[in-house]
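Going by my numbering, the first residue of the sequence shown is number 80, and it counts up by one from there. The C-beta atom is built at its ideal place from N, Cα and C for all residues, glycine as well. Below you'll find the structure, written out as structure tokens, and then a few comments.
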Amino acid sequence: MNAPISLDSLSEIDTQSHRLREIPYNYTSFSDREIVIRLLGVKAWEILEQLRSVRRTGRSARMLFEVLGDIWVVERNPYLQDDLLDNPTRREALIQALWHRLGEVEKRISGDFAEQVSDLLAAARIAVESFANNFQTVSQLRKHAKKVFSKFTHADNIAFDGMSRVAHVTDATDWRIEYPFVVLKPDTEAEIPNLVRACIELGLTIVPRGGGTGYTGGAIPMVAMLR
Numbered sequence: 080m081n082a083p084i085s086l087d088s089l090s091e092i093d094t095q096s097h098r099l100r101e102i103p104y105n106y107t108s109f110s111d112r113e114i115v116i117r118l119l120g121v122k123a124w125e126i127l128e129q130l131r132s133v134r135r136t137g138r139s140a141r142m143l144f145e146v147l148g149d150i151w152v153v154e155r156n157p158y159l160q161d162d163l164l165d166n167p168t169r170r171e172a173l174i175q176a177l178w179h180r181l182g183e184v185e186k187r188i189s190g191d192f193a194e195q196v197s198d199l200l201a202a203a204r205i206a207v208e209s210f211a212n213n214f215q216t217v218s219q220l221r222k223h224a225k226k227v228f229s230k231f232t233h234a235d236n237i238a239f240d241g242m243s244r245v246a247h248v249t250d251a252t253d254w255r256i257e258y259p260f261v262v263l264k265p266d267t268e269a270e271i272p273n274l275v276r277a278c279i280e281l282g283l284t285i286v287p288r289g290g291g292t293g294y295t296g297g298a299i300p301m302v303a304m305l306r
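Quick look at the structure:
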């Protein structure tokens, strides 16, 4: 399995700027650099570094970091994901707030570094759009997966909730990889073959668990939407 981004890009020796933590709501051990690269790409981080070197960061940078912080805290917290999936009004308010901040950043574009800031803004817009669209994608996939799995096991054995997903991120992962999409808890061994076939048909990768025994080894999803 492959990690969602090149590990080489994260393995360089940190400089002082790499260790800065200006992105709000980041309760993980990811550095700002790692978050920016995951959400916006390597080029965006290089631009931020360039702007810092000439002291061209300020209010616009803070608003950009606020946008990244809002996206990041939701991406790394299944409970917030469930809350926003269940509350369209709250979800829309958050998304509109993200777009509003980016609009304010755009109003401040001027001077010698306008092109670099515009590139950052373009990357941020793509990130916000992806963030917004992902809710509908996840909701539709959950409904479809539950319909398929329900043919072979009781609906209560199909868990998309935050508690189940968090409980199955173990083995000292530090939450640095990905969360499972769904947790299946079949009642009997006889249900497993059909559930496995259903996972394959849905395009879901299976990470087996040993019922807390540890017999199956690690259980760490390596890419987003890995089940």
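Residues that residue 200 bridges to, as DSSP identifies them:
Looking at the DSSP assignment, residue 200 forms no beta bridge with any residue, so it has no partner.
List in chain order: all unbroken alpha helix (DSSP H) runs of 4+ residues lying wholly within the region 150 to 190.
157 to 165 and 167 to 186
Mapping DSSP to helix, strand and coil, what is residue 81?
Any reading at residue 81 must be qualified, since the residue scores a pLDDT of 42, below 50, and its modelled position is unreliable; the value itself is stated next. Three-state result, residue 81: coil.
Expressed to the nearest angstrom, what Euclidean distance is found between the alpha-carbon atoms of residue 177 and residue 207?
7 Å
Hey, is the region 165 to 185 in contact with the region 102 to 120, meaning 3+ C-beta pairs nearer than 8 Å?
no
When the Cα atoms are used, what is the spatial distance from residue 203 to residue 287?
36 Å
Does DSSP put residue 91 in a helix, a strand or coil?
Below a pLDDT of 50, predicted positions are generally treated as unreliable, and residue 91, at 49, falls in that range; the measurement from the model is reported next regardless. Three-state result, residue 91: coil.
Excluding sequence positions up to five away, which residues of its chain have a Cβ less than 7 Å from the Cβ of residue 274?
228, 231, 232, 263 and 265
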